[in-house]
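Notes follow once the structure below has been shown.
Number of protein chains: 2
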Amino acid sequence: AAADAEAGEAKSAVCAACHGENGIAQIQGYPNLAGQNEQYLVSALKAYKNKQRSGGQALTMQGQATALSADDIANLAAFYASLPAGGE
Amino acid sequence: AAADAEAGEAKSAVCAACHGENGIAQIQGYPNLAGQNEQYLVSALKAYKNKQRSGGQALTMQGQATALSADDIANLAAFYASLPAGGE
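For the protein sequence lines, the chains are X and C, in the order given.
Residue numbers for the first sequence, in my numbering: 1249 to 1336.
Residue numbers for the second sequence, in my numbering: 1249 to 1336.
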């Protein structure tokens, strides 16, 4: 199924705690996601899910990504990529 | 030494090939870096340097990060964080 940014927005509630409602991270050490490249977001989430990223906050993200389906990952990536970079 | 965005800019010539002169990735699967959180950029570069990220493009980035000193990493992070998000 094509990525669904709206379904991604619904799924993003838990992400917003660190990455911000508008995709601008609340906490310095976490990445802004707003306007990021959709394909990069998919590959980053898959890397966390496949435990190909460790160190730093990676463990937190491994936990988050483990619970995501391939559709969730596609939808979240579409949602965050659709947000205006810099969060205007 | 405090992070030096100008030294980071000088160091970023090789990065621009994939991440763009203005920090907006030329290639879909690569991340935009413009306006990203400085601390996150430092931790991501260190993760590549320490080979804590594998899979996907990580191997390319491992090669790049291996050649960077701690100062280079701090300066590059300061430079890209200073660029306007979305590359306006």
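Yeah, the Cβ is synthetic: ideal placement off N, Cα and C, and Gly gets one too.
- At a cut-off of 8 Å between beta carbons, TYR1328 of chain X makes no contact with chain C.
- Of all residues in the stretch 1256-1285 of chain X, those with a C-beta nearer than 7 Å to a C-beta of chain C are ALA1273, GLN1276, GLY1277, TYR1278, PRO1279, ASN1280, GLY1283, GLN1284, ASN1285, reading in chain order.
- Flagged as an interface residue toward chain X: GLN1287 of chain C, by a C-beta distance shorter than 8 Å.
- In this structure VAL1290 of chain C is buried. Its beta-carbon is surrounded by 16 or more other beta-carbon atoms within 10 angstroms.
- TYR1296 of chain X: member of the alpha helix (DSSP H) spanning 1286-1297, first to last residue.
- Listed by position along chain C, the residues whose Cβ is nearer than 8 Å to that of GLN1300 of chain X are ARG1301, SER1302, GLY1303, GLY1304, ALA1306.
- Taking a cut-off of 8 Å on C-beta distances, the stretch 1307-1315 of chain X does not touch the stretch 1305-1313 of chain C, as fewer than three cross pairs fall below it.
- Going by DSSP, GLY1311 of chain X is part of the alpha helix (DSSP H) stretching over 1306-1314.
- Three or more Cβ pairs closer than 8 Å define a contact, and the stretch 1269-1277 of chain X meets that threshold against the stretch 1272-1291 of chain C.
- If you draw a straight line from the Cα of GLN1300 of chain C to the Cα of LEU1281 of chain C, it comes to about 19 Å.
- Among the residues facing chain C, ALA1253 of chain X is not included, as its CB has no counterpart in that chain under 8 Å away.
- Counted as a single uninterrupted DSSP element, the stretch harbouring ALA1282 of chain X is not any alpha helix (DSSP H), since DSSP gives it neither H nor E.
- The alpha carbon of PRO1332 of chain C has as its nearest neighbour, out of C:LYS1294, C:GLY1271, C:MET1309, the alpha carbon of C:GLY1271.
- In terms of beta-carbon proximity, GLY1334 of chain C lines the interface with chain X, with at least one pair separated by less than 8 Å.
- At a Cβ-Cβ threshold of 8 Å, ASN1323 of chain C and ALA1264 of chain C do not count as neighbours.
- Around the Cβ of ALA1250 of chain X, a 10 Å sphere holds fewer than 16 other Cβ atoms; the residue is exposed.
- Interface residue (Cβ-Cβ distance to chain X less than 8 Å): ALA1295 of chain C is classified as such.
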